[in-house]
Each structure stands twice: as C-alpha cells, then as structure tokens.
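Novice: Quick one: the structure is below, and I'll ask about it shortly.
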Amino acid sequence: MAPDYLVIVESPAKAKTIEKYLGKKYKVKASVGHVRDLPRSQTGIDVENNYEPKYITIRGKGPVLQELKSAAKKAKKIFLASDPDREGEAIAWHLAHSLGIDEDSECRVVFNEITKDAVKEAFKHPRAINRDRVDAQQARRILDRLVGYNISPILWKKVKKGLSAGRVQSVALRLIIDRENEIRNFKPEEYWSITGLFGKGKKEFTAAFHGDGKKKIKLPDRQAVDAILAKLDGSDFEVAELEKKERKRNPAPPFTTSSLQQEAARKLNFRARKTMMLAQQLYEGINVGKEGSVGLITYMRTDSTRISDTAKKEAGDFILSEYGQEYMAPGERASKQKNAQDAHEAIRPTSVLRTPASLKAVLSNDQMKLYRLIWERFIASRMAPAVLDTVTADLRQGDVVFRATGSQVKFQGFMKVYVEGEDDKEDVKQKMLPPLEKGDIVKSLKIDPKQHFTQPPPRYSEARLVKTMEELGIGRPSTYAPTLDTIQKRGYVSLDAKRFIPTELGEIVHSLVSEFFPEIIDVEFTAEMEKDLDSIEDGKNEWVNVIDSFYKDFEKRLKVAEKEMEKVVIKDEPAGEDCEKCGSPMVIKMGRYGKFMACSNFPDCRNTKPILKKIGVTCPKCKKGEVVERKSKTKRIFYSCDQYPECDFISWDKPVSRPCPKCSAMLVEKKLKKGKQIQCSECDYKEQPQQ
245 MAPDYLVIVE SPAKAKTIEK YLGKKYKVKA SVGHVRDLPR SQTGIDVENN
295 YEPKYITIRG KGPVLQELKS AAKKAKKIFL ASDPDREGEA IAWHLAHSLG
345 IDEDSECRVV FNEITKDAVK EAFKHPRAIN RDRVDAQQAR RILDRLVGYN
395 ISPILWKKVK KGLSAGRVQS VALRLIIDRE NEIRNFKPEE YWSITGLFGK
445 GKKEFTAAFH GDGKKKIKLP DRQAVDAILA KLDGSDFEVA ELEKKERKRN
495 PAPPFTTSSL QQEAARKLNF RARKTMMLAQ QLYEGINVGK EGSVGLITYM
545 RTDSTRISDT AKKEAGDFIL SEYGQEYMAP GERASKQKNA QDAHEAIRPT
595 SVLRTPASLK AVLSNDQMKL YRLIWERFIA SRMAPAVLDT VTADLRQGDV
645 VFRATGSQVK FQGFMKVYVE GEDDKEDVKQ KMLPPLEKGD IVKSLKIDPK
695 QHFTQPPPRY SEARLVKTME ELGIGRPSTY APTLDTIQKR GYVSLDAKRF
745 IPTELGEIVH SLVSEFFPEI IDVEFTAEME KDLDSIEDGK NEWVNVIDSF
795 YKDFEKRLKV AEKEMEKVVI KDEPAGEDCE KCGSPMVIKM GRYGKFMACS
845 NFPDCRNTKP ILKKIGVTCP KCKKGEVVER KSKTKRIFYS CDQYPECDFI
895 SWDKPVSRPC PKCSAMLVEK KLKKGKQIQC SECDYKEQPQ Q
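The working numbering puts the first residue of the sequence shown at 245, with every later residue one more than the last.
Now the structure itself:
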C-alpha cells in the first residue's frame with residue numbers, strides 16, 4: 245500500500261532520519277539539493293523583462309525529478325521540508341513548480357533540529373511557501389549571476405581564462421590585499437621596556453617599569469632607558485600602592501555559524517569548509533544505536549545566539565545535577581546579535597544529555613571534536629560567571645615606579661567546562677604574586693632593559709577574515725566558507741602558515757575590478773546590499789527594484805570596461821632549470837593547488853612537476869637523495885626522498901640532519917601542542933621541548 249504522504253528534503257541522510265520519526269504513512273525522499281537553477285552556459289537573466297530568470301532542470305537531476313514526480317502522483321499530500329533558511333525556502337519553491345504543487349497551500353514544513361519531538365511538532369503546523377524569503381534568495385542569485393557572468397568574460401579577454409569576480413568574493417579579496425598593503429607600508433618604530441625581577445621572602449616575581457607615580461612614561465629609545473636606570477641605586481623597592489579587585493568573567497554565547505568557524509579554526513585547526521561539512525553531518529543525523537539515526541545539533545547556518553526555553557531548562561537541569569547550584573547562571577543574558585536576522589536558534593546540541601563521552605563509539609574523530617566543541621560551548625554559556633581575584637602593585641624607588649599585576653581564579657564557573665579561544669595570540673595565564681601589603685619592602689634582584697620594534701598588523705587567518713566579514717556585514721552565514729574556497733581555487737590568494745597572502749594574479753584582478761567596478765569592492769556598498777536583501781525577506785522591498793537600482797549603473801560600467809580595460813600580460817616566473825623532456829626552460833605556474841613547474845614549450849610539451857622544498861637533510865634510507873617537503877591530497881605535510889620512486893623513504897615527522905646520539909637512528913621533529921621536540925624515530929631518546 246502506497247504511503248499517504250510524501251515528504252521531500254534535500255539530503256538522503258536527512259531523509260533516513262526523518263522517515264524513522266514519521267511512521268508508515270509517510271515516505272521521505274531527497275531532492276539532493278536544488279533541482280532547478282539558472283543555466284551554466286549563459287547568464288539566464290532577461291534584463292529587458294524585469295530581470296526574469298530562466299530556470300532549467302539541473303543537468304543530471306532528471307532521474308531524481310522523475311522519481312519525485314512518480315512518488316508525488318501516488319501521495320495524497322506532499323510536504324516540502326528543505327532547510328529552514330532562504331536557500332531551503334527557494335529549494336521548496338522550485339520543487340513546488342516542478343511537481344505542480346500550489347505554493348499557497350500548506351505544503352511547507354520547517355524545523356530547527358532533527359529530533360523526534362521537533363519533527364512531529366513541525367508537521368502539526370505546515371504553512372505556505374514564504375514568497376518573500378524566496379524572492380530574497382532569488383535576488384541574491386540574480387545579483388551574483390549578473391556580476392559574475394558579465395565581469396568574468398571581460399577578465400578572460402583582458403587577463404586570462406578561468407577568472408571570476410563575484411560580489412562577495414571581490415570584497416573578501418580586497419580585505420586581504422588592503423591588509424597586505426598595510427604590512428608593506430608599515431614602518432616599525434623603536435620602543436623599549438624595562439622588566440624587573442623582585443623578591444619577597446623566598447618568592448620571586450616580575451614587574452614592568454610604569455612611570456614616576458604621577459603618570460605613565462613611554463620609553464622610545466635607549467637614552468630614555470638610561471635616564472631611568474641612572475635613577476636606580478640597587479636598593480630595595482617599597483610597595484607604594486596596592487589594589488585588589490574581584491572581577492567577573494562571563495561565558496561566550498553559544499555558537500553562530502561565524503563563531504563556530506572561527507573557534508574550530510583556533511582550537512581544532514579546521515578550515516571553514518571542513519567545519520561546515522562536519523556540522524551538516526551532525527545536523528542531518530548520526531546512528532547512535534538504540535535510538536537509530538538522530539540529529540545531534542540544531543541547524544548550523546544561523547547568525548543568532550537565541551536559545552529555546554526547552555533547551556535552557558534541559559541545560560539548567562544538567563548543570564544543577566552535574567556541577568551544583570553555584571554553577572547555575574544567575575539570570576538571563578542578552579542574546580540578540582547586532583545585524584542578526586534571528587531566524588533560527590544558535591547552534592547547540594539537540595540534547596545536552598547526549599554528552600560527548602556517550603557518543604564516543606558512534607562519531608568519527610573529527611565529528612567528535614566538533615560535537616564536543618559545540619556541546620561544551622553551549623553548556624558553558626548557561627553557567628555562572630568565573631570569578632577572578634586580581635592584584636595590581638606599584639613598586640617605588642624614589643620617583644621610579646614598576647607595576648606588577650597578577651590574578652588567580654577564585655571560582656571557576658563556566659571555565660570548569662570551556663574557555664573561548666583567542667586570535668593572533670596565546671591564551672595568557674596571569675602570573676600569581678606573593679602576598680603583598682602596602683608599605684612592604686621587596687628586593688630588587690635584576691633589572692633587564694630590552695629593545696623592541698612595533699609589528700605590522702597580522703595577515704588574515706580564515707577565522708579572522710570570517711569575523712571581519714561578519715562585523716562589516718558582508719555575506720551571510722551560508723556564504724563565508726564557499727567565498728574563502730573560491731578565492732583560493734581561482735589562485736587569487738595563497739595560504740602561508742595558515743594566513744592569506746594575495747598572489748600577483750589576485751592583485752591584478754583586484755586592481756582592474758576596483759578601477760572599472762568600484763562599487764563591487766566597496767565594503768559599505770556590499771553591506772548595504774545585504775540589508776536590501778533582508779528588506780526583501782521582510783516584505784519591505786520588491787526584488788526587481790533592488791536589482792534594477794544596481795544594474796542601471798553597472799551596465800554603463802560594463803560598456804566602459806569592455807572598451808577601455810587594457811590587456812594584461814602575466815609573465816611566467818623562470819624556475820631556474822630546464823625541462824628534462826625537451827630541454828626548454830621550466831616556468832612556475834599557479835594552479836588550484838598552488839604553484840608548480842611546467843614546460844615553457846606548452847602545448848608542444850606538457851611536462852609538469854611539483855616544486856619541492858628541500859630541508860637540508862640527506863635521505864637516511866638511500867643516502868643519495870635529499871629529503872623534501874611534500875603535501876598529501878588532504879594538504880597534510882609529509883617528507884620523502886627526492887629520488888622517488890627509486891627510493892620510497894617517507895616520514896610524517898620532519899627529519900633532523902644529525903643522528904640519534906644513543907642509537908644513531910634518524911632524529912625527527914615532533915610537534916607538540918605548544919612548541920616542538922626532537923626525538924629518535926627508533927629508541928626512547930628525547931630532547932628538551934622547544935617553545
């Protein structure tokens with residue numbers, strides 16, 4: 245007997261999880277994403293007819309659509325349960341058109357989490373397709389198509405084939421290039437510090453020169469330092485001022501898409517794309533044993549930190565039973581983010597009772613890492629503040645004052661579970677000071693002046709770039725990962741030590757786009773466009789008006805660019821060696837996976853080879869070749885002999901040029917959480933870790 249109801253979702257994993265909850269009367273099938281889209285071979289927008297989009301069935305989706313149509317004919321009612329964001333609403337709308345479903349009928353079902361209760365409750369409240377949300381998504385798609393499909397061909401003609409210029413990616417590239425220019429133009433300034441080592445009883449502590457007791461004094465050069473040192477006579481210091489404070493530290497809110505990508509980069513070393521892939525798996529459902537397949541986290545594309553009352557209560561009960569009353573949050577915290585659409589909850593576990601430890605047997609290593617991060621962050625967000633005792637002591641000798649600061653955790657609060665990571669610096673644990681009172685005398689053990697120079701701003705990491713894009717209102721949760729992926733695949737940027745560096749190609753493309761299409765790389769213009777898209781979703785603006793106000797000026801700029809943009813010739817960099825096949829010089833090329841060597845006699849000679857980085861170590865196996873650094877398909881660094889395949893030496897750890905003093909085997913450099921350690925690859929020999 246055919247099921248009464250057909251439910252259509254995007255992914256097979258999600259379909260499997262939901263079908264289990266709904267029972268025999270429901271059949272759940274997957275559309276595997278969009279079934280209709282704009283054609284790839286043309287712009288697909290009729291600019292003369294109110295920007296009417298020309299949608300076609302996506303190549304390869306014919307059989308899927310036919311299967312859905314066949315199932316739809318047998319069903320009494322069809323429900324469209326794609327994701328609860330704009331993209332999901334658009335997928336539902338396209339399905340409704342393809343299957344002949346009335347979009348004004350109660351055919352749309354949405355839920356923020358894939359659990360039995362949430363899914364069953366959602367099916368009690370079906371609604372019509374939200375056309376405003378569809379229009380907002382359609383406007384974004386049309387805008388991006390008009391920009392990409394009109395600027396890209398010009399770049400192909402003037403620079404090289406395969407280039408693109410997207411609405412959001414162009415701004416992301418601009419941020420990276422602007423930062424690089426800041427670094428290039430940076431002029432370091434000299435400054436000095438004076439650190440003192442002091443003693444109170446048997447305990448030693450450090451303090452830094454602060455000033456003269458009335459004001460803080462800067463030390464710009466050696467002359468200023470010598471003037472301070474001349475005032476010191478080697479005698480003891482007096483504790484002139486002492487301030488003790490109790491400071492509260494609140495937990496970070498639960499994750500949004502942006503903060504999840506940032507924290508996973510800091511703490512787990514995950515790229516944005518990997519984080520979103522794993523989060524999708526956790527959301528759609530994991531087989532956890534007796535319960536079967538269940539969604540472990542709420543929807544992972546959100547800019548809200550809001551939490552449902554049910555989730556708050558469950559978290560509160562868990563904290564009370566596991567940690568006690570004193571660890572409970574004293575009151576409600578503000579959760580609304582600036583510029584947040586607040587359409588969904590924050591990213592949280594669907595049940596805090598599914599602890600990371602209880603899921604150890606069913607999650608992969610990477611899934612477990614991300615789930616633990618989400619679970620701990622959510623639990624901590626519902627806990628009491630940490631309480632720290634801080635001490636500031638001013639040590640005086642004459643009119644020279646050194647300042648010592650220290651703190652200790654008086655009450656762990658949320659820090660018992662989780663502490664937020666930080667960008668561009670290590671988590672610094674404040675030093676403890678010995679017991680001090682005003683009027684105490686402390687011994688001056690050592691005075692150490694040091695010269696420093698100001699440093700340029702750091703290059704963007706993925707986490708920092710995502711955070712900056714969010715703060716500036718560029719893009720939306722679903723766009724961060726694909727945007728970063730695109731600018732790397734196009735060869736506009738490269739990653740060095742996990743930091744973005746613009747390539748020559750990236751700078752050329754940016755220069756041309758900024759000259760002929762300045763609004764495309766304008767941060768404020770792009771952020772304002774995001775607000776316009778939001779206004780369409782809110783029913784306050786018509787999508788055609790938003791497109792039209794952009795395209796009128798854009799079309800004029802296209803004509804100017806076609807006529808006036810000069811052709812750019814990118815010269816290949818010589819590789820410094822000749823092709824072993826035809827004798828022509830080898831040149832360095834940029835591919836989607838980075839730089840490589842290719843024969844300059846292309847296309848007559850198609851010889852290519854990787855650029856190998858030698859580390860100055862003779863191969864320990866063949867004793868002839870040199871050890872070189874390579875990258876695996878997953879971009880993990882490993883080391884092998886440059887005589888491969890004749891020599892098959894390989895090591896995940898970096899070999900060291902000297903042998904083990906104990907057994908003469910190969911020494912390797914092991915990475916630790918903080919620093920590295922030299923150890924033997926065969927015996928138990930180890931050297932002191934290096935920071």
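Note that beta-carbon positions come from the ideal geometry of N, C-alpha and C, so glycine has one too. From a predicted model like this one, the values you see are computed outputs, not experimental measurements.
Identify whether K401 lies in helix, strand or coil by the three-state DSSP scheme.
Specialist: DSSP places K401 in helix when its eight states are reduced to three.
Novice: Could you tell me if S255 is buried or exposed, where buried requires 16 or more neighbouring beta carbons within 10 angstroms of its beta carbon?
Specialist: Looking at its Cβ environment, which holds 16 or more other Cβ atoms inside 10 Å, S255 is buried.
Novice: Is it right to say W896 is buried, meaning 16 or more other beta carbons lie within 10 angstroms of its own, or is it exposed?
Specialist: Per the 10 Å Cβ criterion, exposed.
Novice: CA-CA distance, K268 and K260?
Specialist: The alpha-carbon atoms of K268 and K260 are separated by roughly 13 angstroms.
Novice: So, I252 versus K271, is the Cβ gap smaller than 7 angstroms?
Specialist: Not a contact, by the Cβ cut-off of 7 angstroms.
Novice: Among A366, E347, K402, whose alpha-carbon lies nearest the alpha-carbon of R375?
Specialist: Among A366, E347, K402, the Cα nearest to that of R375 belongs to E347.
Novice: Where does H278 sit, in a helix, a strand or coil, going by DSSP?
Specialist: Three-state DSSP puts H278 in coil, outside helix and strand.
Novice: Since T450 is in the beta strand (DSSP E), which residue starts that stretch and which ends it?
Specialist: That run of the beta strand (DSSP E) goes 447-455.
Novice: Counting Cβ pairs closer than 8 angstroms, one from the stretch 370-385 and one from the stretch 329-338, do we hit at least three?
Specialist: Enough Cβ pairs lie closer than 8 angstroms, so yes.
Novice: Less than 7 angstroms between CB atoms is the rule here; does S342 satisfy it with respect to chain B?
Specialist: The displayed structure is made up of one protein chain only, and chain B is not part of it.
Novice: At the level of alpha carbons, what is the spacing between K811 and V737?
Specialist: Spanning the two alpha carbons is a distance of roughly 21 angstroms.
Novice: For E808, does the count of other Cβ atoms within 10 angstroms reach 16, so buried, or fall short, so exposed?
Specialist: By the neighbour-count rule (16 or more Cβ atoms within 10 Å), E808 is not buried but exposed.
Novice: If the criterion is Cβ atoms closer than 7 angstroms, does the pair I745 and L417 meet it?
Specialist: Cβ atoms of I745 and L417: not closer than 7 angstroms.
Novice: So, is A578 buried or exposed, given that buried needs 16 or more other C-beta atoms within 10 angstroms?
Specialist: With a pLDDT of 49 at A578, under the threshold of 50, the predicted position of this residue should be treated as unreliable, and no value is reported.
Novice: In this structure, what does DSSP give as the bridge partners for R640?
Specialist: E482, V645, per the DSSP bridge assignment.
Novice: Under DSSP, the beta strand (DSSP E) around E817 begins and ends at which residues?
Specialist: It spans 817-822 - the beta strand (DSSP E) in which E817 sits, taken as one unbroken run.
Novice: Whole angstroms are fine: how far does the CA of S502 sit from the CA of P721?
Specialist: When rounded, the distance between both Cα atoms is 6 angstroms.
Novice: To which residues of the same chain is S396 closer than 8 angstroms at the C-beta, ignoring the five residues directly before and after it?
Specialist: So the list reads L407, S408, A409, once near-sequence residues are dropped.
Novice: What does DSSP give as the partner residues of A842 in its beta bridges?
Specialist: Per DSSP, V831, T852.
Novice: Indicate whether K488 and V635 have their beta-carbon atoms separated by less than 7 angstroms.
Specialist: Yes, they are a contact pair.
Novice: For I427, count neighbouring C-beta atoms within 10 Å of its own C-beta (all shown protein chains included) and say buried if the count is 16 or more, exposed if not.
Specialist: I427 comes out exposed.
Novice: By the three-class DSSP mapping on this structure, what secondary structure does Q921 have?
Specialist: The answer is strand: DSSP assigns Q921 an E or B state.
Novice: In chain order, what residues of the same chain lie with their CB nearer than 7 angstroms to the CB of A474, ignoring the 5 residues before and after it?
Specialist: Around A474: no qualifying Cβ.
Novice: In chain order, what residues of the same chain have a beta carbon less than 6 angstroms from the beta carbon of D776, not counting five sequence neighbours either side?
Specialist: Same-chain partners within the cutoff: V790.
Novice: For the beta strand (DSSP E) containing W436, list its first residue and its last residue.
Specialist: That run of the beta strand (DSSP E) goes 434-444.
Novice: Alpha carbon to alpha carbon, how far is S625 from P702?
Specialist: Rounded to whole angstroms, S625 to P702 spans 30 angstroms at the Cα level.
Novice: Out of curiosity, what's the CA-to-CA distance linking D327 and V391?
Specialist: Rounded to whole angstroms, D327 to V391 spans 27 angstroms at the Cα level.
Novice: Below 8 angstroms, how does it come out for the stretch 542-554 and the stretch 637-647: are there three or more Cβ pairs, yes or no?
Specialist: No: fewer than three Cβ pairs fall under 8 angstroms.
Novice: Quick one: is F697 buried, meaning 16 or more other Cβ sit within 10 Å of its Cβ, or exposed?
Specialist: Exposed, since its Cβ has fewer than 16 Cβ neighbours within 10 Å.
Novice: Spatial neighbours of D330 within its chain, please: C-beta separation below 6 angstroms, excluding the five flanking residues on both sides.
Specialist: Checking the displayed sequence, the identity of residue 330 turns out to be Arg instead of Asp. Closer than 6 angstroms at the Cβ level, and outside the excluded window around R330, lie R377, A380, Q381.
Novice: Using beta-carbon positions only, say whether N851 and C891 come within less than 7 angstroms of one another.
Specialist: Contact flag unset, no.
Novice: If I follow the unbroken beta strand (DSSP E) through I745, where does it start and stop?
Specialist: Where I745 is concerned, the enclosing beta strand (DSSP E) stretches over 743-746.
Novice: Looking only at its own chain, which residues have a Cβ that is under 7 angstroms from the Cβ of K865, when we skip the five neighbours before and after it?
Specialist: Taken in chain order, the residues that qualify are C885, C891, F893.
Novice: Which residues in the same chain have their Cβ closer than 6 angstroms to the Cβ of K673, if we skip the five residues on either side of it in sequence?
Specialist: Any reading at K673 must be qualified, since the residue scores a pLDDT of 46, below 50, and its modelled position is unreliable; the value itself is stated next. Around K673: no qualifying Cβ.
Novice: For R371, which residues of its own chain have a beta-carbon under 7 angstroms away from its beta-carbon, when the five flanking residues on both sides are left out?
Specialist: Cβ neighbours of R371 beyond the five flanking positions: E350, R352.
Novice: What does the Cβ neighbour count give for V661, buried or exposed, with the cut at 16 atoms within 10 Å?
Specialist: Buried, because 16 or more other Cβ atoms sit within 10 Å of the Cβ of V661.
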